[in-house]
Amino acid sequence: MCFFLLFKNKRNKQPETAAALKRTIEALMDRGAVVRNLENLGERALPYRISAHSQRHTRGGPGEQCHARAQCILRGRAGCRQQAQGAPDCASPSAQPRHPLRHWHSSWYFLVDFYSPTTTVESMMEHLSRDIDVIRRNIVRHPLTQEVKACEGIVPVPLEEKLYSTKKRK
Numbered sequence: 206m207c208f209f210l211l212f213k214n215k216r217n218k219q220p221e222t223a224a225a226l227k228r229t230i231e232a233l234m235d236r237g238a239v240v241r242n243l244e245n246l247g248e249r250a251l252p253y254r255i256s257a258h259s260q261r262h263t264r265g266g267p268g269e270q271c272h273a274r275a276q277c278i279l280r281g282r283a284g285c286r287q288q289a290q291g292a293p294d295c296a297s298p299s300a301q302p303r304h305p306l307r308h309w310h311s312s313w314y315f316l317v318d319f320y321s322p323t324t325t326v327e328s329m330m331e332h333l334s335r336d337i338d339v340i341r342r343n344i345v346r347h348p349l350t351q352e353v354k355a356c357e358g359i360v361p362v363p364l365e366e367k368l369y370s371t372k373k374r375k
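The opening position of the sequence shown corresponds to residue 206 in the numbering used here, with each subsequent residue numbered one higher.
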């Protein structure tokens, strides 16, 4: 059977993303899967809010700095503590906000095409649910690999021959 695996990795640096992808591919191969293709779909905005591994991942937007700035404004401050201490504004791209909650607005999407027995799927989903770098995982059976039998039509059964052959004549 052929499956497609789509998972979203948190927006981190390239070595961490590569390590998470390598762990996933090795786990597939350890379970007897044959990886046919790996496709990087790139960084995309999240379509909806996702909570995974004690972190909140919000819908696509301008970025985490703007969200941190919005949190400061909602708390009744024109700027955050960092800005009061002379640090650059949270909304500026050069700022590195140090707010306790980390919010991610986008993540990397990867598509893995692999053959495996159906028993592999459940253990692989469990493995991916424990991986802290994977936000959302999904394994879908590839529709082109499902066997479609051609219609053979109605095969006529020779009833007369069956009837005469089973009947004993005296």
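The beta-carbon is built from N, C-alpha and C at its ideal position, and this holds for glycine as well.
Predicted, not measured: the structure shown is a model, and the values here were computed from it.
Item to check | Residue burial classification, Thr222 (beta-carbon count within 10 angstroms, cutoff 16) | outcome: Numbered from 1 along the sequence shown, position 17 holds the residue referred to as residue 222. The residue in question, Thr222, is buried, as its Cβ has 16 or more Cβ neighbours within 10 Å.
Checklist entry - Going along the chain, which residues of its own chain have a beta-carbon closer than 7 Å to the beta-carbon of Ser328, five neighbours each way excluded? => result Numbered from its first residue, the sequence shown carries residue 328 at position 123. So the qualifying residues of the chain are Arg236.
Checklist entry - Taking buried to mean at least 16 other C-beta atoms within 10 Å of its own C-beta, is Ile340 buried or exposed? => result For the purposes of this step, residue 340 is identified with residue 135 of the sequence shown, where counting begins at 1. The residue is buried, with at least 16 neighbouring Cβ atoms inside 10 Å.
Next on the checklist: Restricting to Cα atoms, I'd like to know which of Arg346, Arg228, Arg241 is closest to Thr323.
Outcome noted: As a first step, residue 323 is located in the sequence shown; it is residue number 118 there, counting from the start. Cα-wise, what sits closest to Thr323 is Arg346.
Next on the checklist: Distance check for Gln219 and Arg335, CA to CA, integer angstroms please.
Outcome noted: Residue mapping note: residue 335 aligns to position 130 of the sequence shown, counting from 1. Residue mapping note: residue 219 aligns to position 14 of the sequence shown, counting from 1. If you take the alpha carbons of Arg335 and Gln219, they lie about 21 Å apart.
Item to check | Exposure of Leu246, with buried meaning 16 or more beta-carbon neighbours within 10 Å | outcome: Translated into positions along the sequence shown, residue 246 becomes position 41. Leu246 comes out exposed.
Checklist entry - Skipping 5 residues on each side, what residues in its chain have a beta carbon closer than 8 Å to that of Leu243? => result Walking along the sequence shown from the start, residue 243 turns up at place 38. The residues are Leu226, Ile230, Phe315, Leu316, Val317, Asp318.
Next on the checklist: Just to check my reading of the structure: Ala232 and His332 have Cβ atoms closer than 8 Å, yes? What is that Cβ distance to the nearest angstrom?
Outcome noted: As a working mapping, residue 232 is identified with position 27 in the sequence shown. As a working mapping, residue 332 is identified with position 127 in the sequence shown. That pair is a contact at about 5 Å.
Item to check | N-terminal and C-terminal residue of the beta strand (DSSP E) that Arg335 is part of | outcome: Taking the sequence shown and counting its residues from 1, one reaches residue 335 at position 130. First-last for Arg335: 324 to 335, but that is the alpha helix (DSSP H), not the beta strand (DSSP E).
Next on the checklist: For Arg241, tell me which candidate among Tyr320, Arg228, Trp313, Glu248 has the shortest Cα-Cα distance.
Outcome noted: Numbered from its first residue, the sequence shown carries residue 241 at position 36. Out of Tyr320, Arg228, Trp313, Glu248, Tyr320 has the C-alpha closest to the C-alpha of Arg241.
Next on the checklist: Along the chain, where does the beta strand (DSSP E) containing Ile340 start, and where does it finish?
Outcome noted: Here residue 340 refers to the residue found at position 135 of the sequence shown. Taken as a continuous stretch (DSSP letters only), the beta strand (DSSP E) holding Ile340 covers 339 to 346.
Next on the checklist: Quick check: what's the CA-CA separation for Met234 versus Ala224?
Outcome noted: As a first step, residue 234 must be located in the sequence shown, where it is residue number 29. As a first step, residue 224 must be located in the sequence shown, where it is residue number 19. Cα to Cα, Met234 sits roughly 15 Å from Ala224.
Item to check | Contact check, Trp313 vs Glu357, beta carbons under 7 Å | outcome: Position 108 of the sequence shown, counted from the first residue, corresponds to residue 313. Position 152 of the sequence shown, counted from the first residue, corresponds to residue 357. No; because the gap between Cβ atoms is not below 7 Å, this pair is not in contact.
Next on the checklist: Going by DSSP, what residue range makes up the alpha helix (DSSP H) through Glu221?
Outcome noted: The sequence position of residue 221 within the sequence shown is 16, counting from 1. Residues 219 to 235.
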